[in-house]
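Presented below is the structure to which this report refers.
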Amino acid sequence: MRDEPLTVTAVDGKGDGVVVLALKGPLTLPNIFVFQEEVARREARLLIVDLTESPYMDSAGLGSVMNAYVHAQKNGRRVVLAGANMRVNALLELTKVDLILKHYATVAEAETH
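So the mapping is simple: our numbering equals the position in the sequence shown, first residue as 1, plus 14.
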């Protein structure tokens, strides 16, 4: 699973200034650069990272998500997660990131908050 590629697709969300980054594949050390490049291209008021089709995230992937979150916070923007599976949720809870970074069950739910 760790050698699978990651594709990141950006689509406009339902609200003004909302962008959804849909990840397909694991967010791991070999793949974080694809994610980081896409995040750097976006200056959305709200960036939703859709993990519905991302089966796994390692510590490097988590670090890149947190870097995106911190950068957004410093610039008056927000980053949230949506659609994380049980495995990713366990990582968020274990590292206590779930207390900092908002995460929602679906993209639609994230767009309403």
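For every residue, glycine included, the Cβ atom is placed at its ideal position computed from N, Cα and C.
The model shown is predicted, which means the values in this text are computed figures rather than measured ones.
- The beta-carbon separation of Ile62 and Val34, rounded to 5 Å, stays under the 8 Å limit for a contact.
- By the Cβ-count criterion, Phe49 is buried, with 16 or more other Cβ atoms from all chains shown falling within 10 Å of its own Cβ.
- DSSP, reduced to helix, strand and coil, places Ala36 within a strand of the structure shown.
- The closest CA to that of Glu123, considering only Pro69, Glu18, Val32, is found on Val32.
- Cβ-Cβ distances below 6 Å link Leu108 to nothing in the same chain once the five nearest sequence neighbours on each side are left out.
- Shown here, Leu115 sits in coil according to DSSP, grouped into three states, outside any helix or strand.
- Assigned with DSSP and collapsed to three states, Leu20 falls in coil, not helix or strand.
- The beta carbon of Leu20 lies closer than 6 Å to those of Gly39, Asn45, Val48 in the same chain, with the five residues before and after it left out.
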